[in-house]
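*Asks:* A single structure is presented below for examination.
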Amino acid sequence: MVYRFRVILDAEEDVFRDIELLENNTFEDLHNAIIQSFGFDGAEMASFYVSDEDWNQGEEIHQFDMSGTDSSIKLMNETALDSVLSESQTRVIYVYDFLKMWTFLVELADIAEVEEGRDYPNLMFAHGQLPDSAPDKEFVGEDEDAGLNGDFDAFDTDNFDDFDFDEHWN
Numbered sequence: 001m002v003y004r005f006r007v008i009l010d011a012e013e014d015v016f017r018d019i020e021l022l023e024n025n026t027f028e029d030l031h032n033a034i035i036q037s038f039g040f041d042g043a044e045m046a047s048f049y050v051s052d053e054d055w056n057q058g059e060e061i062h063q064f065d066m067s068g069t070d071s072s073i074k075l076m077n078e079t080a081l082d083s084v085l086s087e088s089q090t091r092v093i094y095v096y097d098f099l100k101m102w103t104f105l106v107e108l109a110d111i112a113e114v115e116e117g118r119d120y121p122n123l124m125f126a127h128g129q130l131p132d133s134a135p136d137k138e139f140v141g142e143d144e145d146a147g148l149n150g151d152f153d154a155f156d157t158d159n160f161d162d163f164d165f166d167e168h169w170n
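Number 109 in our numbering belongs to position 109 of the sequence shown; there are no gaps in the numbering.
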């Protein structure tokens with residue numbers, strides 16, 4: 001079977017690619033198809049995250065094993081698309097370059113039959129141009145009301161009583 005994906009840059013402007021891969025291709029194959037179709041050089045690290053219908057980030061599928069001994073992590077080159085994605089689980093988030101945070105919403109749009117004579121992966125359609133820099137992201141914690149939300153002026157840095165640590169700790 002062929003998995004048809006729509007890969008959308010999480011930005012205000014419409015920028016997306018439609019890509020086909022075989023169901024037994026790996027997430028590394030999908031990663032390579034994404035970086036090629038958007039024109040990245042592939043020199044930066046990336047990860048996929050299993051997502052629910054509301055695009056909430058779930059389990060990570062790592063590009064490299066940097067855990068040392070944790071054999072439970074999923075790696076892109078060892079994880080087949082069909083072992084994670086199905087008609088009921090269609091969404092993953094792809095993050096490329098953790099310093100710039102290029103974020104893409106990847107959705108399994110269709111499962112189709114293999115077409116004779118077609119090479120896979122296959123870029124079916126490209127729309128929009130990648131901007132010069134990654135779109136800005138607003139990161140919000142789980143309990144938005146509990147924190148300062150970026151208002152660091154609310155702390156009086158001359159009065160350490162506001163902080164929950166001892167100023168003479170060493």
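For every residue, glycine included, the Cβ atom is placed at its ideal position computed from N, Cα and C.
Could you give the C-beta distance for A108 and I93, rounded to a whole number, given that I count them as a contact under 8 angstroms?
*Replies:* According to the sequence displayed, residue 108 carries Leu and not Ala. Actually they do not touch by this definition, with Cβ atoms about 13 angstroms apart.
*Asks:* What are the boundary residues of the beta strand (DSSP E) that S51 is part of?
*Replies:* That run of the beta strand (DSSP E) goes 46-51.
*Asks:* Going along the chain, which unbroken runs of the alpha helix (DSSP H) with 4 or more residues stay wholly within the region 107-133?
*Replies:* Qualifying alpha helix (DSSP H) stretches: none in this window.
*Asks:* Could you compute how far the alpha carbon of A112 sits from the alpha carbon of N24?
*Replies:* Straight-line Cα distance between these residues: approximately 13 angstroms.
*Asks:* Tell me which residue opens and which closes the alpha helix (DSSP H) that L30 is part of.
*Replies:* Per DSSP, L30 belongs to the alpha helix (DSSP H) from 27-38.
*Asks:* Please classify E190: does DSSP put it in a helix, a strand, or coil?
*Replies:* With the chain covering only 1 through 170, there is no way to say anything about residue 190.
*Asks:* Please confirm whether Y120 and E20 have their CB atoms less than 8 angstroms apart.
*Replies:* For Y120 and E20, yes; Cβs fall inside 8 angstroms.
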